[in-house]
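Structure below.
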């Protein structure tokens, strides 16, 4: 898609300075601007770049006074930052504008689609499944039987949703996400490692986003629950019967073992591992690769290390860990001095 | 699917107490019972909930004597726990009852299917591939050329099995599992990072289960081997030429580097990492995020930490690690006292 | 596929000793040779196995003089190792010889395919996407709109490439790889956790290989960049706006947070985690499960531990960590002795 400076200026209610017919087809940072791209200038530290940028259009504040000649066409607005954010959102809406039902997908007769659907090529929708309005089901997505998907939710290519899952509104699932695989529960090895049936489901509330290749297991009985506003990065693992509290964010490659409950507004970094059957308080933060083996029930604290310690304590201990050779030398010196006496 | 109390009582050989025509369509915990669900009461600690539960049917022991009125229809059996487990298994069998061959899949002419197959929409089965009896190949599964899949094995949606792989009977692979990708072997960077051809395969024996998005590489030469009864959680990585011993369980996000051999009946927690070319003895246990850089050849031991230590030793060291600031203060005190003499 | 000893000898320019009509259909190690397989003998340590091997054909150096009878047909060449490597490469080319465009795939009218394409069943190619010559797009691959794929690149089954991505020549992406999912960027939780639009892309240069189920996020603005010759193992996570330098190798389950830049020729082991906004120098090595929270700007060093320390320092500290109980006993002894005085 191409846009002229004139079209851009109308979208953001701005004034053109330069060629109104110049076209752009992509977005760039001002310091990396290429011909055919649009950029913006808001932070004064970046003003230097506007004189060199190859971007075809730059959105600037009305107050901007150039000190050298500017090659790009300028669009002057009240707030360059706000105008640019608005443009990005419009751009995203236009970009992900797929509509209609492919002739090469499979929709069970008993499934129900909402208004304004997109069902891409080679997608599969199972028996009795109910899809809300404006849902985007990209190519090669699988949705099992008896599953519900709320309005405006986006399933990117190759997402797999098992049967009996409940998903809220305005959710986004990136490619390769799996929702509803069996929990990892078996009888002990010496008892013939028999599989324990996993007949619960997964309930995902509104406004949840999950990155690529996340894996969320169904509950053994009852539900694995992901509360409103939760965000996962890529490759996150959530085991059977976990509950992740409202607005908690979890970074990439973190895994949470069975039946552990996280509170609200937690900030969990990448590569964190949590043992099963723990309770983690609201507003807990964890640094990268924290290993949690016990419940953390006091809200608002930050942790680091494996096993997890409060960050300030971990930092004090780790300084001494790095100095252990010197510490041992000091002990040896004391021992020698003692002997000499 | 709906079942009446009468049907349930016949399945578990029980006696109805209450409305024989009440129907259920799902399973719940007794303390979370909702109308339309079936639950069970076995543990006396949960007896309190039977008087409040909204479950429509509760399976109880014959010996159960209510002390208050019970709203649910009861089904009395010799052992509520055994009867409920039996019901769950029947339910699972009914739930995963897909059959037949979709008209929207691809099966190479030279491929051979066993009896009673399920091949879902957009599944692909390559040349000379042999599929056993009662195998369930869900939608969007890929099976390459010259691959063998044993009887009763289930491939959930989107599983990818490369060419020349051998898979046993009664295996379960969850969505997103990849079997047979190339091993990570390249000539050193200063020698032009040429790829080393990976022409071995993967052999998976009977009764193996793998969670969502696991990745199992083929051998460089010979076979990557997963023995009978092995169970993997989600997002497990197994490199080229590894061998995982019989009945070993591996939890989520664990990764094992090339040519490492694990013994039988090991219990490996999540986020464990193992270096290449190691040997791990039978019955070894590892706690979460253990990092193994050397072979562990004495069977039956438990490890923790990175690098791995025996659990009891690691625990003793970590207590002192947490106290390092205090330990250093004690040394400082000794040093001062020494000087004063 | 089957080959006779005569065909093999012609391929590697060798002399047959034994039955020229014996056939092989697979490759084996000499110590594990089975009938119907071909093997080679180069390392003298393995000479013992040639007298027992069940392999039907063994490639040997011209200089090889048997001391006992050999059952296998021999093919004598100048260098058995070189000849065998050549055979493996030919075998790989023959094995992955899929061609043509399936009638069950979807290719947008505005997409452009190069010469000699393979587009497998249920693959999807979006609007304005350009595919180079000899590209292999296996079944169930997804390629979004406006994406470019260079010559000779292989996309294994189920790979998902989002829109606006640029991929070079001679790349290999294993099953389940996702390229171009949104970066993990949201407004803080107390500001309504609004999604920050992710409108950048991913640029992957020539000769890059990625293992199964890797996840590479698009940039917020600009590009996430993977330079020429980079190799990833399975389940690697690369966040938005990262840059991975030329010929850097990254092992399985490693994750790199947003905007971090790695230099050239780095060797990163498995389960490594890196914080956002770091700079890592050229030729840096990291051991398994290293946790990097600060930039490492001196080239050519090796690191281990979390937080990362230079390997030699980490090893010295960890020895003392293991001895902490004994170290504390020594302090206690000093304290007691001090009191007695």
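Chains as they are written, first to last, in this note's numbering: chain A, 1 to 341; chain B, 1001 to 1341; chain C, 2001 to 2341. Using N, Cα and C, we set each Cβ at its ideal position, and we do this for glycine too.
Within the same chain, 244, 245, 248, 280 come within 6 angstroms of residue 262(A) by CB-CB distance, once the 5 residues on both sides are set aside. Distance from the CA atom of residue 258(A) to the CA atom of residue 2036(C), rounded to whole angstroms, is 47 angstroms. Taking all protein chains shown into account, residue 157(A) has 16 or more neighbouring C-beta atoms within 10 Å of its C-beta and is therefore buried.
The beta-carbon separation of residue 273(A) and residue 255(A), rounded to 5 angstroms, stays under the 8 angstroms limit for a contact.
The continuous alpha helix (DSSP H) containing residue 1010(B) extends over residues 1005-1012. Within the segment 1202-1235 of chain B, the runs of beta strand (DSSP E) that reach at least 3 residues and sit entirely inside it are, in chain order, 1215-1217, 1223-1226. Of the residues assessed, residue 1219(B) falls on the buried side of the cut-off, its CB having 16 or more other CB atoms within 10 angstroms.
The Cβ atoms of residue 203(A) and residue 225(A) lie closer than 8 angstroms to each other.
With contacts defined by Cβ atoms closer than 8 angstroms, residue 1132(B) and residue 1149(B) form a contacting pair. Excluding the 5 residues flanking it on each side, residue 2231(C) has same chain C-beta neighbours closer than 6 angstroms at 2209, 2249, in chain order. The segment 2118-2138 of chain C makes no contact with the segment 2071-2090 of chain C: fewer than 3 CB pairs, one atom from each, lie closer than 8 angstroms.
For residue 1191(B) and residue 1335(B), the gap between their C-alpha atoms comes out near 55 angstroms. Per DSSP, residue 1302(B) is one residue of the beta strand (DSSP E) stretching across 1302-1304.
Residues of the segment 1286-1317 of chain B with a C-beta atom less than 7 angstroms from some C-beta of chain A are 1288, 1289, listed in chain order. If you ignore the 5 residues before and after residue 2005(C), its C-beta comes within less than 6 angstroms of the C-beta of 2016, 2020, 2022, 2057, 2073, all in its own chain and listed in chain order. Within the segment 2263-2286 of chain C, those residues whose Cβ lies closer than 9 angstroms to any Cβ of chain A are, in chain order, 2271, 2272, 2273, 2274, 2275. Note that the segment 95-114 of chain A does not touch the segment 41-57 of chain A; fewer than 3 beta-carbon pairs, one per stretch, sit closer than 8 angstroms.
Listed in chain order, the positions of the segment 2157-2182 of chain C with a beta carbon within less than 7 angstroms of a beta carbon of chain B are 2157, 2158, 2174, 2175, 2176.
With respect to chain C, the C-beta atom of residue 1120(B) has no partner C-beta closer than 8 angstroms. Around residue 1030(B), the same chain offers 1039, 1040, 1041, 1046, 1049, 1050, 1053, 1055, 1058 as residues with beta carbons nearer than 8 angstroms, after the five sequence neighbours per side are excluded. If one requires a minimum length of 3 residues, the beta strand (DSSP E) runs lying completely within the segment 27-106 of chain A are 37-41, 57-61, 73-77, in chain order. In this structure, the CA atom of residue 92(A) is about 12 angstroms from the CA atom of residue 2182(C). For residue 2334(C), the uninterrupted alpha helix (DSSP H) run begins and ends at 2324-2340, by DSSP.
Here residue 2205(C) is not near residue 2180(C), since their CB atoms are 8 angstroms or more apart. When CB distances to chain C are screened at a threshold of 8 angstroms, the residues of the segment 85-102 of chain A falling below it are 85, 88, 89, 91, 92, 95, 102, in chain order. Taking a C-beta cut-off of 9 angstroms against chain C, the contacting residues of the segment 1317-1340 of chain B are 1317, 1318, 1319, 1320, 1321, 1323, 1324, 1327, 1330, 1331, 1333, 1334, 1337, 1338, listed in chain order.
In the displayed model, residue 2317(C) falls within a helix according to three-state DSSP. Excluding the 5 residues flanking it on each side, residue 2283(C) has same chain C-beta neighbours closer than 6 angstroms at 2265, 2299, 2300, in chain order. Residues of the segment 230-241 of chain A whose Cβ lies closer than 8 angstroms to any Cβ of chain B, in chain order: 235, 237, 239. In this structure, the beta-carbon distance from residue 2302(C) to residue 325(A) does not fall below 8 angstroms.
Rounded to whole angstroms, the Cβ separation of residue 2215(C) and residue 2175(C) is 13 angstroms, and the two are not in contact under 8 angstroms. For residue 1015(B), the uninterrupted beta strand (DSSP E) run begins and ends at 1015-1017, by DSSP. Non-local C-beta neighbours of residue 14(A) in its own chain, meaning closer than 6 angstroms and more than five positions away in sequence, comprise 75, 76, 77, ordered along the chain. Rounded to whole angstroms, residue 1097(B) and residue 2172(C) show a C-alpha spacing of 37 angstroms. Residue 2140(C) carries a coil assignment under DSSP once its states are collapsed to helix, strand and coil. In the three-state reduction of the DSSP assignment, residue 1273(B) falls in the strand class, which pools E and B.
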